[in-house]
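J.:
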Amino acid sequence: HMPTAELQALDAAHHMHPFTAGAELAAKGARIITRAKGVWLTDSEGNRIIDGMAGLWCVNIGYGRKELADVAARQIEELSYYNTFFQTSHVPAIALAAKIAELAPGDLNHVFFAGSGSEANDTNIRLVRRYWEIKGQPEKRVIIARKNGYHGSTLGGGSLGGMSGIHKNGGMLAGIVHIDEPNWWDQGGDATPEAFGLARAQQLEQKILEMGVENIAAFIGEPVQGAGGVIIPPSTYWPEIQRICDKYGILLIADEVITGFGRTGNWFGSETFGIRPHIMTIAKGLSSGYMPIGGSIVCDEIANVIGGAGDFNHGYTYSGHPVAAAVALENLRIMQEEKVVEHVRDVANPYLAKKWAALTDHPLVGEAKLVGLMGSIALTPNKATRARFAGDQGRVGYACRERCFANNLVMRHVGDRMIIAPPLVITPDEIDVLIERAWKSLDECLAGLKA
Ligand code: PLP
7 HMPTAELQAL DAAHHMHPFT AGAELAAKGA RIITRAKGVW LTDSEGNRII
57 DGMAGLWCVN IGYGRKELAD VAARQIEELS YYNTFFQTSH VPAIALAAKI
107 AELAPGDLNH VFFAGSGSEA NDTNIRLVRR YWEIKGQPEK RVIIARKNGY
157 HGSTLGGGSL GGMSGIHKNG GMLAGIVHID EPNWWDQGGD ATPEAFGLAR
207 AQQLEQKILE MGVENIAAFI GEPVQGAGGV IIPPSTYWPE IQRICDKYGI
257 LLIADEVITG FGRTGNWFGS ETFGIRPHIM TIAKGLSSGY MPIGGSIVCD
307 EIANVIGGAG DFNHGYTYSG HPVAAAVALE NLRIMQEEKV VEHVRDVANP
357 YLAKKWAALT DHPLVGEAKL VGLMGSIALT PNKATRARFA GDQGRVGYAC
407 RERCFANNLV MRHVGDRMII APPLVITPDE IDVLIERAWK SLDECLAGLK
457 A
């Protein structure tokens with residue numbers, strides 16, 4: 007390939023990156039990733055980087071699996087594309103839908119395919135509103151979501167999400183409201199995590215009563231807020247949310263785009279946290295990011311009502327794309343054959359959990375939280391008071407992320423929180439490398455703060 011500097015110049019001149027300030031990119035130049043295998047990335051200068059984020063939380067099975075390349079090649083030759091609109095179908099979409107229904111808990115037996123998590127959440131907005139319309143309650147349109155949640159970047163997904171930067175950027179859909187998130191470290195004050203978790207969940211009940219239950223269609227939440235900083239809720243939170251949804255007959259949507267397909271040590275995060283959703287959003291780990299694919303897994307009741315009415319006017323050209331579906335199916339086959347979900351449980355606890363918790367011995371680290379293979383550490387100048395750094399929020403997190411990257415470790419920062427979500431196939435030896443590089447980066451970050 008071309009020399010790195012030339013690639014960087016072309017990139018800055020012509021390529022608009024998602025969620026990236028163009029001027030900063032032009033000044034620094036993008037790091038150009040050329041190949042990857044397992045948990046390791048290689049850049050255009052030949053550096054080997056350990057990927058603590060599985061790309062964007064998606065490469066669950068690790069990079070570079072030949073089986074997936076072979077399946078994609080075969081599928082392209084056999085049936086490169088056909089749609090699933092109207093009354094046509096094809097083998098990969100049928101087989102994948104059946105496989106997902108087998109893996110999903112409860113009566114989540116029906117899959118509506120999309121090309122991404124954002125598209126799937128847009129589908130969900132339509133599904134729940136259409137459901138209540140057919141049931142004769144068309145005024146039930148409001149969806150309650152959470153601040154700091156992330157549900158995608160389309161207008162629908164971005165409106166469900168609770169990120170003010172995205173809301174400002176193009177406006178909001180009507181009929182979506184947000185309650186506070188269960189982030190004890192930053193917002194819990196003197197309350198215990200358990201009392202705080204309960205109080206945050208009870209905001210759902212307050213919101214339902216305030217808006218009128220006759221107007222509420224659904225509640226949506228990620229079992230663990232991912233892009234919001236891996237906010238693992240107190241143990242009291244989800245049982246209370248579930249109780250409130252049951253009490254008022256509110257549809258519950260679990261956005262499993264990150265937590266699905268093994269991330270938390272079960273096939274779905276809902277199983278880890280005892281959630282019984284009517285709809286799950288899936289994407290990312292479904293194909294381990296080898297192909298763009300997402301979807302909504304829908305319970306019998308909603309599928310029967312929507313299917314019975316026969317006029318759900320919604321779909322994407324690439325809904326159930328045969329190549330993406332074939333690759334996703336092979337990904338799930340490998341995950342089952344190689345017991346990847348069991349591996350997550352084995353390697354996460356106690357092996358990673360001990361080392362992760364020990365990061366709180368570092369002067370900069372307040373809390374360290376982990377569930378399965380997703381974790382976060384809160385950086386703070388004062389662990390006892392859970393204080394924030396002076397100046398811009400996220401400045402220290404950003405500096406720490408830069409040190410990690412310089413030390414050939416991908417760790418993301420969300421404000422002053424550092425997060426990981428490595429490929430699920432990471433080995434104990436690779437965990438050692440990740441932790442060693444994280445310590446080194448934290449030390450350098452601390453030295454920088456003192457300088
Ligand atoms: N939902 C959650 C929980 C996510 O984390 C993401 C992406 O990070 C999305 C939805 C959006 O998925 P996509 O980027 O595939 O549209």
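Residues in the sequence shown are numbered from 7 upward in steps of one, following UniProt numbering.
Every residue gets a Cβ at the ideal spot worked out from N, C-alpha and C, and that includes glycine.
Since this is a predicted model, take the numbers as computed values, not measurements.
Give a single yes or no on whether Gly232 has its beta carbon closer than 8 angstroms to a heavy atom of the ligand PLP.
T.: Yes, the beta carbon of Gly232 sits closer than 8 angstroms to at least one heavy atom of the ligand PLP.
J.: Report the residue from His23, Ala18, Leu13 and Ala78 whose alpha carbon sits nearest the alpha carbon of Glu51.
T.: Here the closest residue by C-alpha is Leu13.
J.: Any contact between the region 282 to 289 and the region 299 to 311? By contact I mean 3 or more CB pairs, one from each, below 8 angstroms.
T.: The region 282 to 289 is in contact with the region 299 to 311.
J.: Verify whether the separation of the beta carbon atoms of Leu455 and Asn66 is less than 9 angstroms.
T.: No, Cβ-Cβ distance for Leu455 and Asn66 is not below 9 angstroms.
J.: Which residues does DSSP pair with Gly454 in a beta bridge?
T.: None, per the DSSP bridge assignment.
J.: On the three-pair Cβ rule with 8 angstroms, is the region 234 to 251 touching the region 199 to 213?
T.: The region 234 to 251, when compared against the region 199 to 213, does touch it at the 8 angstroms Cβ threshold.
J.: Since Val329 sits in a beta bridge, which residues does DSSP pair it with?
T.: Its beta-bridge partners do not exist; DSSP assigns none.
J.: Does the distance from the CB of Tyr357 to the CB of Glu125 come in under 9 angstroms?
T.: Going by C-beta atoms, Tyr357 is not nearer than 9 angstroms to Glu125.
J.: Does the beta-carbon of Trp63, which I'm using as the reference point, lie nearer than 8 angstroms to any heavy atom of the ligand PLP?
T.: Yes.
J.: From this set, Asp306, Glu216, Ile425 and Ala332, which residue's C-alpha is nearest Ala79's C-alpha?
T.: Answer by Cα proximity: Ala332.
J.: For Gly146 and Ala223, what's the separation of their Cα atoms in angstroms?
T.: In the sequence as presented, Gly is not what sits at residue 146; that position holds Lys. Near 5 angstroms, if we compare the C-alpha coordinates of Ala223 and Lys146.
J.: Quick one: using the 10 Å Cβ neighbour count with 16 as the cut-off for buried, is Ser170 buried or exposed?
T.: It counts as exposed.
J.: Checking the sheet assignment: what are the DSSP bridge partners for Ile185?
T.: Answer is Arg152.
J.: Given that a residue counts as buried once 16 or more other Cβ atoms are within 10 Å of its Cβ, and exposed if not, what is Tyr87?
T.: The residue is exposed, with fewer than 16 neighbouring Cβ atoms inside 10 Å.
J.: Please tell me whether, using a cut-off of 8 angstroms, the distance from the CB of Ile264 to the nearest non-hydrogen atom of the ligand PLP is below it.
T.: For the ligand PLP, at least one heavy atom lies less than 8 angstroms from the Cβ of Ile264.
J.: Hey, quick one: how far does the alpha helix (DSSP H) through Ala207 stretch, first residue to last?
T.: From DSSP, the alpha helix (DSSP H) with Ala207 extends over Pro199 to Met217.
J.: Which residue marks the beginning of the beta strand (DSSP E) containing Ser124, and which one marks its end?
T.: Where Ser124 is concerned, there is no enclosing beta strand (DSSP E), although the alpha helix (DSSP H) it sits in stretches over Gly123 to Ile140.
J.: Hey, would you say the C-beta of Pro298 is under 8 angstroms away from at least one heavy atom of the ligand PLP?
T.: Yes, Cβ of Pro298 sits closer than 8 angstroms to a heavy atom of the ligand PLP.
J.: Under three-state DSSP, which class holds Ile55?
T.: Ile55 falls in the strand class under three-state DSSP.
J.: What does DSSP give as the partner residues of Ile39 in its beta bridges?
T.: Note: Ile39 sits in a beta bridge opposite Asp49.
J.: Residues bridged to Thr287 by DSSP?
T.: Paired residue(s): Asp261 and Ser302.
J.: Kindly examine the ligand PLP and report whether one of its heavy atoms sits closer than 8 angstroms to the Cβ of Gly123.
T.: Flag set: Cβ of Gly123 near the ligand PLP.
J.: Looking at Ala289 and the ligand PLP, is the gap between the Cβ and the nearest heavy atom below 8 angstroms?
T.: True, at least one ligand heavy atom lies under 8 angstroms from that Cβ.
J.: Report the option in Ala19, Ala374, Thr265 and Arg71 whose CA atom is closest to the CA atom of Lys389.
T.: Checked all of Ala19, Ala374, Thr265 and Arg71; the closest Cα to Lys389 is Ala374.
J.: Reducing DSSP to helix, strand and coil, say where residue 479 ends up.
T.: For residue 479 there is no data in the structure shown, the boundaries of the chain being 7 and 457.
J.: Just mark Arg339 as buried or exposed, buried being the case when its beta carbon has 16 or more other beta carbons within 10 Å.
T.: Classification of Arg339: exposed, given that the 10 Å Cβ count is below 16.
J.: Please indicate yes or no: does the CB of Glu228 lie closer than 8 angstroms to some heavy atom of the ligand PLP?
T.: Flag set: Cβ of Glu228 near the ligand PLP.
J.: Start and end of the alpha helix (DSSP H) containing Ile247?
T.: Unbroken alpha helix (DSSP H) run through Ile247: Tyr243 to Tyr254.
J.: When burial is assigned at 16 or more other CB atoms within 10 Å of the CB, is Leu16 buried or exposed?
T.: So Leu16 counts as exposed.
J.: With a 10 Å radius around its C-beta and 16 neighbouring C-beta atoms as the bar for buried, classify Ser241 as buried or exposed.
T.: Its Cβ having fewer than 16 others within 10 Å, Ser241 is exposed.
J.: With distance defined between alpha-carbon atoms, name the residue in Glu30, Gly194, Gly61 and Gly218 nearest to Ala42.
T.: Checked all of Glu30, Gly194, Gly61 and Gly218; the closest Cα to Ala42 is Gly61.
J.: Between which two residues does the beta strand (DSSP E) containing His419 stretch?
T.: That run of the beta strand (DSSP E) goes Arg418 to Val420.
J.: Just to confirm the assignment, what range does the alpha helix (DSSP H) spanning residue 1 have?
T.: Because the chain spans 7 through 457 in this model, residue 1 falls outside it and cannot be assessed.
J.: Rounded C-beta distance between Met417 and Met59? I'm assuming under 8 angstroms.
T.: With 8 angstroms as the limit, Met417 and Met59 qualify as a contact, their Cβ atoms being about 7 angstroms apart.
J.: Does the distance between the C-beta of Asn221 and the nearest non-hydrogen atom of the ligand PLP fall short of 8 angstroms?
T.: No - the ligand PLP has no heavy atom lying nearer than 8 angstroms to the Cβ of Asn221.
J.: Mark Gln231 as exposed unless 16 or more other C-beta atoms lie within 10 angstroms of its C-beta, in which case mark it buried.
T.: Gln231 should be labelled buried.
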